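Quick note: the sequence shown uses the numbering used here, first residue 99, plus one each step. Glycine is no exception: its CB is placed at the ideal position from the N, C-alpha and C atoms. All of these numbers come straight from a predicted model, not from anything done at the bench. First comes the structure, then the notes that go with it.
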Amino acid sequence: MTVHHLNCATMHPVGSFGGRVAPAAMVAHCLLVERAGGLLLVDTGFGTADVADPKRLGQPFRAIVRPELRQSETALAQVQALGYDAADVTDIALTHLDLDHVGGLADFPHARVHVFTDELEAALHPTFQEKARYLPVQRAHGPDWVRHDVPGDTWFGFDSVSALADDVLLIPLQGHTRGHCGVAVRRAEGGWLLHAGDSYFHSSEKLTPPAPPVGLRVFQVLMGVDNKRRRANQERLRELHRSHSEDVTIFCAHDGDEFAALSG
Ligand SMILES: [Zn+2]
Numbered sequence: 099m100t101v102h103h104l105n106c107a108t109m110h111p112v113g114s115f116g117g118r119v120a121p122a123a124m125v126a127h128c129l130l131v132e133r134a135g136g137l138l139l140v141d142t143g144f145g146t147a148d149v150a151d152p153k154r155l156g157q158p159f160r161a162i163v164r165p166e167l168r169q170s171e172t173a174l175a176q177v178q179a180l181g182y183d184a185a186d187v188t189d190i191a192l193t194h195l196d197l198d199h200v201g202g203l204a205d206f207p208h209a210r211v212h213v214f215t216d217e218l219e220a221a222l223h224p225t226f227q228e229k230a231r232y233l234p235v236q237r238a239h240g241p242d243w244v245r246h247d248v249p250g251d252t253w254f255g256f257d258s259v260s261a262l263a264d265d266v267l268l269i270p271l272q273g274h275t276r277g278h279c280g281v282a283v284r285r286a287e288g289g290w291l292l293h294a295g296d297s298y299f300h301s302s303e304k305l306t307p308p309a310p311p312v313g314l315r316v317f318q319v320l321m322g323v324d325n326k327r328r329r330a331n332q333e334r335l336r337e338l339h340r341s342h343s344e345d346v347t348i349f350c351a352h353d354g355d356e357f358a359a360l361s362g
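So, in structure tokens, the structure goes:
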């Protein structure tokens, strides 16, 4: 089982002040996993339709996050560059349904899309506050949703639910969004990768004390739907990193240093 680390969007948040307030560049860290039954994508970044029509992402988002939107960075282009076809992607597991994570869904219309039920409900029935983050246009093709519900298993002390067999698990990590989760992928060489999505934004947040740039700290509070729960889950991730770093490699969606270390 080979795992490829893909960056499916490069973003330049406004007001970074040379990296002092926020990172000068952020990535959208996705995984492409070669499994016996087909290819699995974990998150999708922006897709070809977002690149063709950036306006659909909304002016406020583009003004604050400033995505580059290059066709070559789409998951589809990178899947094809590895010699595969879109139809080879049989499954997609999503950390959550924010617009910078699901833009590529329509490029893989035949894939089963694994999502935590609470998150799909949030996207389908958003509150006024949630409306801007979930774009119906990105799922207008009608994804083949596979809902995963209240977990029955545990994984390193976290709740977990199997998405695919015993090697792809959803780990509920709510707070950033209603049904946000991590995606744990078993590595062929032993141990696990944990894609922690947007449960934290900066590699230092795995350490004690966390020291993210102030802009990222504020951004996370503004974007969180339940900041108490978000902070508690971040603390649990720190504990996991402290006690099990040899068994579990944790990374988040948007940290460029973590992406460089794992993709290099
Ligand atoms: Zn994100």
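First and last residue of the uninterrupted alpha helix (DSSP H) at residue i
i	result
valine 316	312-321
alanine 42	Residue 42 cannot be examined here, being either before or after the span of the chain that is shown, 99 to 362.
serine 341	325-342
arginine 284	Careful: arginine 284 lies outside any alpha helix (DSSP H), inside the beta strand (DSSP E) at 279-284.
proline 158	157-163
glutamate 356	354-361
Same chain, Cβ closer than 7 Å to residue i, neighbours up to 5 away in sequence not counted
i	result
glutamate 303	Pro310 and Gln332
methionine 321	His274
alanine 221	Leu195 and Tyr232
glycine 115	According to the sequence provided, residue 115 is phenylalanine. The question's glycine does not apply to it. Contacts found: none.
threonine 306	Arg336
alanine 294	Leu271, Gly280, Leu335, Ile348, Phe349 and Cys350
Beta-carbon proximity list for residue i, same chain, < 6 Å, skipping 5 on both sides
i	result
glycine 289	Asp345
alanine 150	none
Local conformation of residue i per DSSP, three classes
i	result
aspartate 216	helix
serine 381	The requested residue 381 is not part of the displayed model; the chain covers only 99 to 362.
glutamate 303	helix
threonine 108	strand
aspartate 183	coil
phenylalanine 226	coil
alanine 123	coil
arginine 133	strand
histidine 387	Nothing can be reported for residue 387, as the shown portion of the chain is limited to 99 through 362.
Whole-angstrom C-beta distance between residue j and residue i, which should lie under 8 Å
i	j	result
glycine 202	threonine 142	3 Å
serine 258	leucine 268	7 Å
glycine 313	alanine 120	3 Å
methionine 99	valine 140	No, methionine 99 and valine 140 are not in contact; Cβ-Cβ is about 13 Å, not under 8 Å.
glycine 136	aspartate 186	6 Å
Beta-carbon proximity list for residue i, same chain, < 8 Å, skipping 5 on both sides
i	result
leucine 218	Leu195, Trp243, Arg245 and Gly277
Terminal residues of the beta strand (DSSP E) in which residue i lies
i	result
leucine 137	136-140
threonine 347	346-349
Residue i at chain C interface by Cβ criterion, 8 Å
i	result
aspartate 216	Reference to chain C is not applicable here, since this structure consists of a single protein chain.
How do the stretch 227-236 and the stretch 190-199 stand: do at least 3 beta-carbon pairs fall below 8 Å, yes or no? With the cut-off at 8 Å, the stretch 227-236 and the stretch 190-199 touch.
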